[in-house]
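For the sequence shown, the residue numbers in full-length UniProt numbering are 1 to 133. From the three backbone atoms N, C-alpha and C, an ideal C-beta is built for every residue, glycine too. Note that the structure is a prediction, hence the values are computed from the model and not measured. Single-structure report; data block below.
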Amino acid sequence: MRKGDYLILVAVQPEGHYEEGEMQLWAISALIPLSEFSDPATMKKYGVKPDPETLDIANTAAKQKEVMVVMKIYWGDPREKLCEAIDSIPLSCMVVGNRGLGTLKRAIMGSVSNYVVNNGSCPVTVVKHHGHD
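This is how it looks when you write it as structure tokens:
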């Protein structure tokens, strides 16, 4: 990352996950600046609760690398919406997490990261989740 680049955090909420938020009529949020991520009113509006560790990493990147950090929220199937984000934002690369579902769950539900790697139109890096000890 270089000074002035954008780091865009993309969150996908399941459809129907609107009980807490006011955004039920929207399919995609506007770009939300880093300064608003920890504002409870803003996050309630979108029905999301950003992970404190992720916010800390984003803040560190913004300060150390002098990059602009923003969030964009989609509602729907994560596989489809992450691929949509690649083209609509547009993104030059994507990093996705991997929850490490077992073979049976992955066969039934499908792997989001595998789908995005195979269908996304930009390079995709998959980071495996390692639980905290």
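Cβ-Cβ distance between A61 and V67 below 7 Å:
yes
Distance, K72 Cα to I8 Cα
7 Å
With 16 other Cβ atoms within 10 Å as the buried cut-off, status of A30
Taking every protein chain shown into account, the CB of A30 has fewer than 16 other CB atoms within 10 angstroms, so this residue is exposed.
Spatial neighbours of D87 within its chain, please: C-beta separation below 8 Å, excluding the five flanking residues on both sides.
S121
Tell me which residues share the same chain as S78 and place their Cβ nearer than 7 Å to its Cβ, disregarding the 5 neighbours each side in the sequence.
Sequence inspection shows Pro at residue 78; the Ser mentioned does not correspond to that position. Only V12 and V112 meet the Cβ criterion.
Compare the Cα-Cα distances from E80 to each of Y115, R2 and K3 and report the closest residue.
Answer by Cα proximity: Y115.
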